[in-house]
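Sequential numbering of the sequence shown, starting at -19, is according to our numbering. We put the CB at the ideal spot given by N, CA and C, even for glycine.
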Amino acid sequence: MKMTKCLITGGAEFIGSHIIENLLNSGHEHDVVCLDNFDAYYSPRLKGKNTEPFMKYDRFKLVKDDIRDEVLLNQTLVGVEYIFHEVAQDGVRTSVEAPMNPYEVNATGTLNLLESVLDSDIRKFRNASSSVYGRVEYLLFDEDRPEQPSPYGVSRLLAKHYCRVFEELYGLKNVSLSYFTVCNLHESCER
-19 MKMTKCLITG GAEFIGSHII ENLLNSGHEH DVVCLDNFDA YYSPRLKGKN TEPFMKYDRF
41 KLVKDDIRDE VLLNQTLVGV EYIFHEVAQD GVRTSVEAPM NPYEVNATGT LNLLESVLDS
101 DIRKFRNASS SVYGRVEYLL FDEDRPEQPS PYGVSRLLAK HYCRVFEELY GLKNVSLSYF
161 TVCNLHESCE R
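This is the structure:
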(Lines of atoms letter the chains of each structure in order from A and count residues from 1; the text may use other names and numbers.)
(Lines give C-alpha, C1' and ligand atoms only; values in the text may rest on other atoms or scores of the structure.)
Protein backbone atom coordinates (compact mmCIF):
# COMPACT_ATOMS: atom_id res chain seq x y z
CA MET A 1 0.00 0.00 0.00
CA LYS A 2 1.34 3.42 -1.00
CA MET A 3 1.96 5.85 1.84
CA THR A 4 0.54 9.36 1.62
CA LYS A 5 3.15 12.07 2.05
CA CYS A 6 2.05 15.21 3.91
CA LEU A 7 3.90 18.50 4.36
CA ILE A 8 3.17 20.65 7.39
CA THR A 9 4.62 24.15 7.12
CA GLY A 10 5.10 25.72 10.53
CA GLY A 11 5.02 22.17 11.85
CA ALA A 12 7.22 22.88 14.85
CA GLU A 13 4.74 25.38 16.25
CA PHE A 14 1.71 24.63 18.40
CA ILE A 15 -0.98 23.80 15.82
CA GLY A 16 1.41 22.29 13.28
CA SER A 17 2.94 19.93 15.83
CA HIS A 18 -0.52 18.72 16.83
CA ILE A 19 -1.37 18.03 13.19
CA ILE A 20 1.86 16.02 12.89
CA GLU A 21 1.05 14.09 16.05
CA ASN A 22 -2.39 13.21 14.70
CA LEU A 23 -1.04 12.17 11.30
CA LEU A 24 1.65 9.94 12.80
CA ASN A 25 -0.75 8.34 15.28
CA SER A 26 -3.81 8.09 13.03
CA GLY A 27 -3.39 4.40 12.25
CA HIS A 28 -2.63 5.26 8.62
CA GLU A 29 0.89 5.10 7.25
CA HIS A 30 1.58 8.75 6.46
CA ASP A 31 5.03 10.08 5.63
CA VAL A 32 5.19 13.46 7.35
CA VAL A 33 7.51 16.35 6.50
CA CYS A 34 7.75 19.26 8.93
CA LEU A 35 9.05 22.48 7.37
CA ASP A 36 9.85 25.19 9.90
CA ASN A 37 12.47 27.95 9.99
CA PHE A 38 12.82 27.84 13.81
CA ASP A 39 12.55 31.64 13.86
CA ALA A 40 13.07 33.19 17.28
CA TYR A 41 9.61 34.83 17.21
CA TYR A 42 8.21 31.54 18.51
CA SER A 43 10.74 29.99 20.91
CA PRO A 44 13.19 27.68 19.06
CA ARG A 45 13.55 25.73 22.32
CA LEU A 46 9.79 25.14 22.41
CA LYS A 47 9.80 24.20 18.71
CA GLY A 48 12.49 21.64 19.46
CA LYS A 49 10.40 20.32 22.34
CA ASN A 50 7.35 20.12 20.05
CA THR A 51 9.16 18.10 17.36
CA GLU A 52 11.40 15.92 19.55
CA PRO A 53 8.77 13.16 20.10
CA PHE A 54 8.45 12.68 16.32
CA MET A 55 12.14 11.96 15.74
CA LYS A 56 11.56 8.30 16.65
CA TYR A 57 9.40 7.81 13.55
CA ASP A 58 11.08 6.71 10.32
CA ARG A 59 8.13 8.34 8.56
CA PHE A 60 8.98 11.79 9.97
CA LYS A 61 11.40 14.27 8.44
CA LEU A 62 12.28 17.70 9.88
CA VAL A 63 13.38 20.36 7.40
CA LYS A 64 14.70 23.53 9.03
CA ASP A 65 14.26 26.19 6.39
CA ASP A 66 11.96 28.91 5.12
CA ILE A 67 8.98 28.83 2.73
CA ARG A 68 10.50 31.83 0.97
CA ASP A 69 13.36 29.61 -0.31
CA GLU A 70 12.09 28.46 -3.72
CA VAL A 71 14.87 25.94 -4.37
CA LEU A 72 14.32 24.23 -1.02
CA LEU A 73 10.55 24.22 -1.52
CA ASN A 74 10.81 22.47 -4.86
CA GLN A 75 13.05 19.80 -3.30
CA THR A 76 10.80 19.41 -0.25
CA LEU A 77 7.62 19.04 -2.32
CA VAL A 78 8.84 15.95 -4.20
CA GLY A 79 6.27 13.21 -3.57
CA VAL A 80 4.07 15.37 -1.31
CA GLU A 81 0.32 15.00 -1.93
CA TYR A 82 -1.18 17.10 0.87
CA ILE A 83 -0.09 20.38 2.45
CA PHE A 84 -1.17 21.76 5.81
CA HIS A 85 0.07 25.36 5.52
CA GLU A 86 0.32 26.54 9.12
CA VAL A 87 3.35 28.82 8.95
CA ALA A 88 2.80 32.47 9.84
CA GLN A 89 4.60 35.51 11.08
CA ASP A 90 1.85 36.38 13.48
CA GLY A 91 1.19 39.07 16.01
CA VAL A 92 -1.28 41.87 15.48
CA ARG A 93 0.63 44.29 17.75
CA THR A 94 4.05 43.55 16.27
CA SER A 95 2.66 43.91 12.74
CA VAL A 96 1.69 47.50 13.50
CA GLU A 97 5.31 48.21 14.47
CA ALA A 98 6.85 46.31 11.52
CA PRO A 99 4.23 45.67 8.82
CA MET A 100 6.68 44.26 6.25
CA ASN A 101 7.52 41.19 8.41
CA PRO A 102 4.10 39.50 8.24
CA TYR A 103 3.68 40.51 4.60
CA GLU A 104 6.94 38.79 3.56
CA VAL A 105 6.16 35.53 5.37
CA ASN A 106 2.38 35.32 5.15
CA ALA A 107 1.61 36.79 1.73
CA THR A 108 4.86 36.38 -0.22
CA GLY A 109 5.72 33.06 1.45
CA THR A 110 2.27 31.65 0.72
CA LEU A 111 2.42 32.81 -2.90
CA ASN A 112 5.87 31.23 -3.23
CA LEU A 113 4.51 27.95 -1.85
CA LEU A 114 1.48 28.06 -4.16
CA GLU A 115 3.67 28.67 -7.22
CA SER A 116 5.88 25.72 -6.24
CA VAL A 117 2.79 23.54 -5.85
CA LEU A 118 1.85 24.06 -9.51
CA ASP A 119 4.80 21.91 -10.61
CA SER A 120 4.19 19.16 -8.04
CA ASP A 121 1.89 16.22 -7.25
CA ILE A 122 -0.08 18.14 -4.60
CA ARG A 123 -3.72 17.06 -4.52
CA LYS A 124 -5.00 19.21 -1.64
CA PHE A 125 -3.81 22.31 0.17
CA ARG A 126 -5.09 23.54 3.52
CA ASN A 127 -4.31 27.12 4.49
CA ALA A 128 -4.55 28.52 8.02
CA SER A 129 -5.56 32.11 8.57
CA SER A 130 -6.67 34.22 11.47
CA SER A 131 -7.21 37.84 12.44
CA VAL A 132 -8.42 38.67 8.93
CA TYR A 133 -11.50 40.37 10.36
CA GLY A 134 -9.71 42.69 12.79
CA ARG A 135 -11.64 44.42 15.57
CA VAL A 136 -15.10 43.00 16.06
CA GLU A 137 -17.61 45.55 17.28
CA TYR A 138 -20.64 43.26 17.60
CA LEU A 139 -21.20 40.12 19.63
CA LEU A 140 -22.69 38.10 16.78
CA PHE A 141 -20.01 38.39 14.12
CA ASP A 142 -20.08 36.72 10.72
CA GLU A 143 -17.79 36.68 7.70
CA ASP A 144 -20.02 39.03 5.70
CA ARG A 145 -19.24 42.00 7.93
CA PRO A 146 -16.56 44.41 6.69
CA GLU A 147 -13.00 43.63 7.71
CA GLN A 148 -11.00 46.02 9.93
CA PRO A 149 -7.72 44.13 9.95
CA SER A 150 -4.25 44.95 11.16
CA PRO A 151 -1.19 44.67 8.87
CA TYR A 152 -0.99 41.04 10.07
CA GLY A 153 -4.64 40.48 9.17
CA VAL A 154 -4.14 42.01 5.73
CA SER A 155 -1.21 39.64 5.06
CA ARG A 156 -3.32 36.63 6.08
CA LEU A 157 -6.30 37.86 4.04
CA LEU A 158 -4.04 38.24 1.01
CA ALA A 159 -2.74 34.68 1.49
CA LYS A 160 -6.33 33.44 1.73
CA HIS A 161 -7.24 35.23 -1.51
CA TYR A 162 -4.16 33.82 -3.27
CA CYS A 163 -5.37 30.33 -2.32
CA ARG A 164 -8.82 31.03 -3.75
CA VAL A 165 -7.31 32.42 -6.97
CA PHE A 166 -5.08 29.35 -7.37
CA GLU A 167 -8.13 27.12 -7.11
CA GLU A 168 -10.08 29.15 -9.67
CA LEU A 169 -7.22 29.57 -12.16
CA TYR A 170 -5.18 26.39 -11.69
CA GLY A 171 -7.59 23.92 -10.09
CA LEU A 172 -5.65 23.58 -6.82
CA LYS A 173 -8.15 22.12 -4.36
CA ASN A 174 -7.77 24.01 -1.09
CA VAL A 175 -9.55 25.24 1.96
CA SER A 176 -8.68 28.15 4.25
CA LEU A 177 -9.52 27.77 7.91
CA SER A 178 -9.60 30.70 10.34
CA TYR A 179 -9.01 29.77 13.95
CA PHE A 180 -8.27 32.06 16.85
CA THR A 181 -6.52 31.81 20.23
CA VAL A 182 -5.98 28.07 20.01
CA CYS A 183 -4.52 26.53 23.17
CA ASN A 184 -4.70 23.41 25.29
CA LEU A 185 -4.11 22.26 28.83
CA HIS A 186 -0.38 21.76 28.26
CA GLU A 187 0.61 25.20 27.00
CA SER A 188 -0.22 28.79 27.74
CA CYS A 189 -2.10 30.76 25.10
CA GLU A 190 0.45 33.54 25.54
CA ARG A 191 4.00 33.59 24.27
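Compare the C-alpha of A68 against each of N17, R144, E61, F40 and name the closest.
N17
I need the DSSP call for A108, collapsed to helix, strand or coil.
strand
Based on Cα-Cα distance, which residue from T(-16), L137, M35 lies nearest to G7?
T(-16)
Hey, which unbroken runs of the alpha helix (DSSP H) at 4 residues or more fall wholly within the stretch -5 to 37?
24 to 31
Run through DSSP, which three-state label would Y159 get?
coil
Alpha carbon of L157 to alpha carbon of L138, nearest angstrom:
14 Å
Exposed or buried, A78, counting other C-beta atoms within 10 Å across all chains shown (16 or more means buried)?
exposed
Can you give the Cα-Cα distance for P129 and G(-9), rounded to whole angstroms?
25 Å
For R103 versus K29, is the C-beta spacing smaller than 8 Å?
no
Go to L42, then tell me how far its beta strand (DSSP E) extends in each direction, as first and last residue.
40 to 44
Beta-carbon within less than 8 Å of T(-11)'s beta-carbon, same chain only, minus the 5 sequence neighbours each way: which residues are those?
G(-4), L15, D16, I47, I63, F64, H65, E66, V67, L93
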